[in-house]
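Have a look at the structure below, then the notes.
Protein chains: 2
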Amino acid sequence: MTPAEHSPLIRKLSAFVALSEVELAVLARLHRRRRTFVAGRDIVHQGQSEQTAYILSTGWVCSYKIQADGTRQIVDFQVPGDFLGLRSVLLRTSDHSFEPVVDIEAAEVLTKDLLDAFAETPRLATAILWAASRDEAMVVEHLVGIGRRDADARMAHFLLELGSRLLLVGLGSKAGFECPLTQYHLADALGLSAVHVNRVLRQLRETGLVTFREGHVTFHDLDRLVDLAEFDPAYLDHSGPLLN
Amino acid sequence: MTPAEHSPLIRKLSAFVALSEVELAVLARLHRRRRTFVAGRDIVHQGQSEQTAYILSTGWVCSYKIQADGTRQIVDFQVPGDFLGLRSVLLRTSDHSFEPVVDIEAAEVLTKDLLDAFAETPRLATAILWAASRDEAMVVEHLVGIGRRDADARMAHFLLELGSRLLLVGLGSKAGFECPLTQYHLADALGLSAVHVNRVLRQLRETGLVTFREGHVTFHDLDRLVDLAEFDPAYLDHSGPLLN
DNA sequence: CGCCACTTTGAACCGGCTCAATTAAGGTGG
DNA sequence: CCACCTTAATTGAGCCGGTTCAAAGTGGCG
Chain D
52 MTPAEHSPLI RKLSAFVALS EVELAVLARL HRRRRTFVAG RDIVHQGQSE
102 QTAYILSTGW VCSYKIQADG TRQIVDFQVP GDFLGLRSVL LRTSDHSFEP
152 VVDIEAAEVL TKDLLDAFAE TPRLATAILW AASRDEAMVV EHLVGIGRRD
202 ADARMAHFLL ELGSRLLLVG LGSKAGFECP LTQYHLADAL GLSAVHVNRV
252 LRQLRETGLV TFREGHVTFH DLDRLVDLAE FDPAYLDHSG PLLN
Chain C
52 MTPAEHSPLI RKLSAFVALS EVELAVLARL HRRRRTFVAG RDIVHQGQSE
102 QTAYILSTGW VCSYKIQADG TRQIVDFQVP GDFLGLRSVL LRTSDHSFEP
152 VVDIEAAEVL TKDLLDAFAE TPRLATAILW AASRDEAMVV EHLVGIGRRD
202 ADARMAHFLL ELGSRLLLVG LGSKAGFECP LTQYHLADAL GLSAVHVNRV
252 LRQLRETGLV TFREGHVTFH DLDRLVDLAE FDPAYLDHSG PLLN
């Protein structure tokens, strides 16, 4: 079993940069403190400033903010290979909450271990920060979607983005992927009501573009879907981290 | 004239961390290459990957993405003291465009100079990265606003945030600030139509909360405005950069 | 003086919301 | 194995916030 199969993070980074033996070893070391969390119970609460980050290895998490009136906005989802709370470790700036969508497995990364790893292999630091900046680009794209795309395009774009991300870590294929999200998750992420999410999904299904049912997303017509969403994966690829 | 009056960036950072003489000198050095840009002509185009960042000293800029259908979403505004394209320098990830809202003055910062400065005074690196993470928190808050706040609250929140930011660099006061944005800018930033922006502004004015007229924002009733917007400045303050 | 960019207002429309009810799909205790 | 409960998905009906289209007003500037 190659390291890439061990850790989705290693797999993701490897897709963009060739990691040396040393770097792989350092990465593996970061995976030592394994933790599990149950679905629905927050890992970090808004405002609470944590000293630890996590590398998600299995399951999905969402990061969100709750408003005073109780409405919730999901800012991003984390899938295997993604960091949780990386920024809050590096800059003590945690200002949203993390909720596991399903039971998850994650590696706890202490600030010290991370900084040590960065000191030991600066290329790894660059690669990880690159991944973080990619996450940020997704947040920006998300903002654009909510601000300027109608519900259908928004949903299409969202599903395509998720598909791309999962493909990178070996979950799912061009034909589709397993997706544990409820329609409430989709609603809170896309700035829609759950009811309308349901109608949008129905329409996408009936027009033969994509089906989301029983935890599985199936792409029926990628071309038309990309077209509807005006999906341009440039913001996900952007040339990989430049090393040295 | 103190350095703080020279540069809004120095002023902003000084509000959160005491800068040493050396750090002030290094910062001053970063301000050497002065440039001007005229309103309306993009500084960096979407996709184009620039090697330089800028520190904005006077005027306003907006960063935005254009979609295929021509609609535009403004992701953020930069005001004096803010960096332009910091991320694209550090990580070669420019994926949006920058347009000066008015004629601006900015200092060009070459990648090399920035990295040298970071090497010379690591505390400065931390402080600047902290400012960058603050920008990011603003993008997240912006996302929440578009996704889950109605037009009135969205506008109120936006104006309050701008007020806070400007206060920090000595532009404007608790009573209001100069604002060169058109209602089209507001519309593209808030995900609304220009027509509706106009109506929202009228209502805020008529209910005695805030006036936006002839390039000037005047807060009439901060308490009620904060209340309407559910404005919690925590995401702007978050404890300052931790140094050493 | 006349143009141009921006603001303002009205009227009609519609995308997405709310409220409400029904169905489907697990789990759980008995 | 069934009765029950809970959570998620589904669908209908009516409403409303915000949009589009259209037109008029305002102010700065060459």
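Residue numbers (our numbering), protein chains in the order written: chain D, 52 to 295; chain C, 52 to 295. Note that CB positions come from ideal geometry on N, CA and C, so glycine has one too. Since the structure is predicted, the reported quantities are computational estimates derived from the model, not experimental observations.
Residues bridged to residue i [DSSP beta-bridge criterion]
i: C/C113; result: C/F128, C/E150
i: C/Y105; result: C/L135, C/E159
i: D/V95; result: D/F149
i: D/S224; result: D/G227
i: C/R86; result: C/A157
i: C/R123; result: C/I117
Spatial distance of residue i from residue j (CA atoms)
i: D/G227; j: C/L70; result: 53 Å
i: C/T103; j: C/L137; result: 8 Å
i: D/L213; j: C/C113; result: 28 Å
i: C/V130; j: C/L217; result: 7 Å
i: D/G110; j: D/L60; result: 13 Å
i: C/A204; j: C/R62; result: 30 Å
i: C/I94; j: C/P151; result: 7 Å
i: D/G221; j: D/C230; result: 14 Å
i: D/D278; j: C/R85; result: 43 Å
i: C/T233; j: C/A188; result: 24 Å
i: D/G91; j: C/R264; result: 47 Å
i: D/V126; j: C/V195; result: 8 Å
i: D/F270; j: D/L255; result: 10 Å
i: D/L273; j: C/Y286; result: 39 Å
i: D/V191; j: D/V77; result: 31 Å
i: C/L64; j: C/H147; result: 25 Å
i: C/Q124; j: D/E72; result: 43 Å
i: D/F282; j: D/H267; result: 21 Å
i: D/L165; j: D/K225; result: 34 Å
i: D/N249; j: D/H236; result: 12 Å
i: C/G259; j: C/H193; result: 24 Å
i: D/E171; j: D/G132; result: 21 Å
i: C/A55; j: D/R174; result: No answer about C/A55 holds up, because its pLDDT of 48 lies below 50 and its placement is not dependable.
i: C/R215; j: C/G223; result: The sequence as given places Ser at residue 215 of chain C; Arg does not occur at that position. Going from the Cα of C/S215 to the Cα of C/G223 covers about 9 Å.
i: C/A280; j: D/L135; result: 29 Å
i: D/L252; j: D/V261; result: 8 Å
i: D/A183; j: C/V89; result: 33 Å
i: C/E156; j: C/I117; result: 24 Å
i: D/D288; j: D/D186; result: 11 Å
i: D/E257; j: D/V153; result: 29 Å
i: D/I179; j: D/L141; result: 12 Å
i: D/L81; j: C/L210; result: 43 Å
i: D/N295; j: C/T162; result: Interpretation of D/N295 is limited by its pLDDT of 44, a score under 50 that renders its predicted location unreliable; no figure is taken from the coordinates.
i: C/T177; j: C/Y105; result: 18 Å
i: D/V68; j: C/W181; result: 27 Å
Exposure label - residue i; buried when at least 16 CB within 10 Å
i: D/Y115; result: buried
i: C/G121; result: exposed
i: D/A238; result: buried
i: C/A240; result: buried
i: C/L243; result: buried
i: C/E74; result: buried
i: D/V246; result: exposed
i: C/A207; result: buried
i: D/A139; result: According to the sequence as given, residue 139 of chain D is Ser; it is not Ala. So D/S139 counts as buried.
i: D/R199; result: buried
i: D/A168; result: buried
i: D/A119; result: exposed
_Interface residues of the stretch 212-229 of chain C facing chain D [CB-CB below 7 Å]_ = none
*Can you list, in chain order, the residues of the stretch 95-126 of chain C whose Cβ is nearer than 8 Å to any Cβ on chain D?*
G98, S100, K116, Q118, A119, D120, T122, R123, Q124, V126
*asked:* So if I threshold CB-CB distances at 7 Å, which residues from the stretch 184-209 of chain D count as touching chain C?
replied: Listed in chain order, the positions of the stretch 184-209 of chain D with a beta carbon within less than 7 Å of a beta carbon of chain C are S184, E187, A188, V190, V191, H193, L194, V195, I197, G198, R199.
*Taking any Cβ of chain C, which residues in the stretch 162-182 of chain D have a Cβ under 7 Å from it, in chain order?*
Answer in chain order: L180, W181.
*Which ranges would you report for the beta strand (DSSP E) in the stretch 232-285 of chain D if only whole runs of at least 3 residues count?*
261-264, 267-270
*Contact set between the stretch 227-246 of chain D and chain C, restricted to residues whose Cβ is under 7 Å from the partner*: Residues passing the 7 Å Cβ filter: G242.
*Quick one: which residues of the stretch 268-287 of chain D get their C-beta closer than 9 Å to a C-beta of chain C? List them in chain order.*
Along the stretch 268-287 of chain D, the positions whose C-beta sits under 9 Å from a C-beta of chain C are E281, D283, A285, Y286, read in chain order.
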